[in-house]
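What follows is a short report on a single structure.
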Amino acid sequence: MSNSLNQHYEDKVRPYIDLVDSLRSLGVEKDLNLPAIAVIAQNALAGEGKGISQEMISLEIKSSEVPDLTLIDLPGIARVATGDQPLDIEQQIKSLIEKFIKRQETISLVVVPANIDIATTEALKMTNKVDPNGQRTLGILTKPDLVDKGAEETVVNTVNNQVISLKKGYMIVKCRGQQDINENMSLSKALQNEQNFFREHPQFRLLFEDGKATVPVLADRLTRELVEHINMLLPQLHKQVEDKLEETVNKLRKLGDGVPQGETEKNSFLIGKISNFNQILTDVIRAEEDVQKTKRKVFTQIREKFGKWKNQLDDKAVRLEETLRDEVEEYTKTCRGKELPGFVNYRTFENIVKKHIKDLEEPAIQLLKDVIEIVHSCVNKVVSFHFEAFPNLLRAAKNPIEDLLEQEHDKALEKILSQFKMERIVYSQDGLYSRQLEAVKLKEGSLFNSRGYKTVNADVREMAQHLNAYFMITSDRLANQVPLILQYHLLDQYFSQLQAAMLSMIGCQNAEKLIREDPSVAQRRRNLKDRLERLREARKILSKFLLSVS
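Taking our numbering, the leading residue of the sequence shown gets 39, the next gets one more, and so forth.
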């Protein structure tokens, strides 16, 4: 093929190839996938008896005879480990190949010897798995000179897309053999021999005439395919660059600026870090913290636990109604004293009240544990977010976080237990109790009417009504009081004491040590800044190119 091929594509092809090469030279491939052609061979090329590298090998084709082209050379598929190769060499190679060919940006070039059954080749099976319609797959048959007599028609049918259909079809080439390489045959001589072979072959001559044979024609075809692929992916590529830019900026913002050098600046830096941390805690207390759509505010989570606590109390009241008659009757039989009918035994009333209130103590303690877990998780996330880059500051903050939370937990537990001790003292304001008792008696479908208890002893009925009324009052009291205790100690007191403890670190003698940055974080920031720079340059190149072709 003459030098005119390069000239023919110089205006339309060259800009697209140069665009991707420019992006690749920037290192953008570290951040996103660029349009490329990946070569998959059927036979193993894994090295001298060793394993394989996970890094891609780029082949840059530059010649006066063909347009410039860059290919990704993937290892051939090995079925059996040899020498020092790992036993899972086949799986390693397949995983590496799939990593590249599953990308929508990649055109897969499946290279298969013409003298084997293409339907059984692993390379084609792999591409079919990730590209079932063959939209991104081009088949290449090699070694046509080794095809058995009588099998030429099958090869012709394969190249004509009549055996296993691929949307991009097939090509056939004849490369230098090992003897040619040993004899130092030049590429130009090899290309001439290849052309003569196809032109003179009785069956394969038609493939040559149809433009489906020889390496130069393949190079031309690959260049056109790649340009079309690049053109199709340009909008997507531009969006990926914008998305990566936004992601990188957000990550840099999260890492923050590095530690300043001056003493005054360092103190200001520490003050800023602690002030930001304390402000988040204030926002949490006020239920004003900024959360992602997929997450919930801390108080929303705690309120949900409080709601479950109220449901437990309500469920207890329902179960109480169902068992109250039998329980009161049992107490009446075993504990009735000298009182005449119609006189309610107050001691029996007290005993039943205390028993059922005791049953609620464990759920209240579990509520304390649940809220502790929510608060602890919240504070750990906040402190990690703000101080992750500063191990010494993070460690210094962990002590008051744990110690103060344990102190407030103990205080809250003590108050909850005290509350339940007080609840064993049966008491309610007369007016409140009378109204609740009247409501129980007037309730339509009440305990005894709705369940057919009309024949129940009047003393039992009256006792049950008193118990039902009192438990409603107790339930309302506990439904509010326990959450109030938890809010006071685990949010208000804990957060305010933690904020004070954090502020006490400002001005301490080891302030400089506290803000000593983790070297890995500093490196991460440098890497992100490098990425930001190359992505901005990539955006500039893409925008300029899109403007030029619009």
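Yeah, the Cβ is synthetic: ideal placement off N, Cα and C, and Gly gets one too.
In this text, all values refer to a predicted model and were calculated from it rather than measured experimentally.
Tell me the residue span of the beta strand (DSSP E) that contains L176.
T175 to T180
Does DSSP classify I99 as helix, strand or coil?
Annotation note: pLDDT 48 at I99 (below 50); position unreliable, coordinate value reported separately. I99: strand per DSSP, three-state reduction.
Roughly how many angstroms separate the alpha carbons of D15 and L225, rounded to a whole number?
Residue 15 is absent from the model: the chain starts at 39 and stops at 588.
Tell me the DSSP bridge mates of Y208?
Answer is G177, bridged to Y208.
Is the Cβ-Cβ distance between E555 and A427 less than 8 Å?
yes
Buried or exposed: which applies to S96, given that a residue is buried once 16 or more other Cβ atoms fall within 10 Å of its Cβ?
Low confidence applies to S96: its pLDDT is 49, below 50, so where it sits in the model is not reliable, and the reading given next is rough at best. That one is exposed.
Rounded to the nearest angstrom, what separates K594 and R562 at their Cα positions?
This structure cannot speak to residue 594, because the chain is shown only from 39 to 588.
Out of E550, T252 and Q241, which has the shortest C-alpha to C-alpha gap to G188?
Q241
Which ranges does the alpha helix (DSSP H) cover as unbroken runs of at least 4 residues, wholly within the stretch 406-475, from first to last along the chain?
Correct list: 429-461.
Please report the straight-line C-alpha distance between T144 and Q129, rounded to a whole angstrom.
21 Å
So, is C157 buried or exposed, given that buried needs 16 or more other C-beta atoms within 10 angstroms?
Contrary to the premise, residue 157 reads as Ala rather than Cys in this sequence. Exposed is the call here.
Nearest CA to the CA of N411: which residue from D353, M209, I340 and T165?
What sits at residue 411 in the sequence shown is Glu, not Asn. With distances taken between Cα atoms, E411 lies closest to I340.
Put S146 into one of helix, strand or coil per three-state DSSP.
Of the three classes helix, strand and coil, the one that applies to S146 here is strand, per DSSP.
List the DSSP bridge partners of P151.
T180
Going by Cα to Cα distance, which pick from E190, R291 and M501 is closest to L358?
M501
Given a cut-off of 8 Å, decide if F509 and A355 are closer than it, judged by their beta-carbon atoms.
yes
Could you tell me the alpha carbon to alpha carbon distance between I268 and V148, rounded to whole angstroms?
20 Å
Give the secondary structure of V201 by DSSP, where H, G and I count as helix, E and B as strand, and everything else as coil.
DSSP places V201 in coil when its eight states are reduced to three.
Determine the burial state of T386: buried for a count of at least 16 other Cβ atoms within 10 Å of its Cβ, exposed for fewer.
buried
Determine the DSSP secondary structure at A325, reduced to helix, strand or coil.
coil
Does DSSP put A74 in a helix, a strand or coil?
strand
Apart from the five residues on each side of it in sequence, which residues of its chain come closer than 6 Å, Cβ to Cβ, to P429?
D556
Rounded to whole angstroms, what is the Cα-Cα separation between L406 and L524?
7 Å
So, N565 versus H424, is the Cβ gap smaller than 8 Å?
no
Whose C-alpha, out of P53, N548 and I579, is nearest the C-alpha of T261?
Check the Cα spacing between T261 and each of P53, N548 and I579: the tightest is with P53.
Pick helix, strand or coil for A189, following the three-state DSSP scheme.
coil
Decide yes or no for the touch test of the stretch 438-448 against the stretch 318-333: beta carbon pairs closer than 8 Å, at least 3 of them.
no
Would S472 and I511 be called neighbours here (beta carbons separated by less than 8 Å)?
Taking 8 Å as the Cβ cut-off, S472 and I511 do not qualify as a contacting pair.
Less than 8 Å between the C-beta atoms of G249 and S203, yes or no?
no
Alpha carbon to alpha carbon, how far is D448 from S558?
Answer to the nearest angstrom: the Cα atoms are 39 Å apart.
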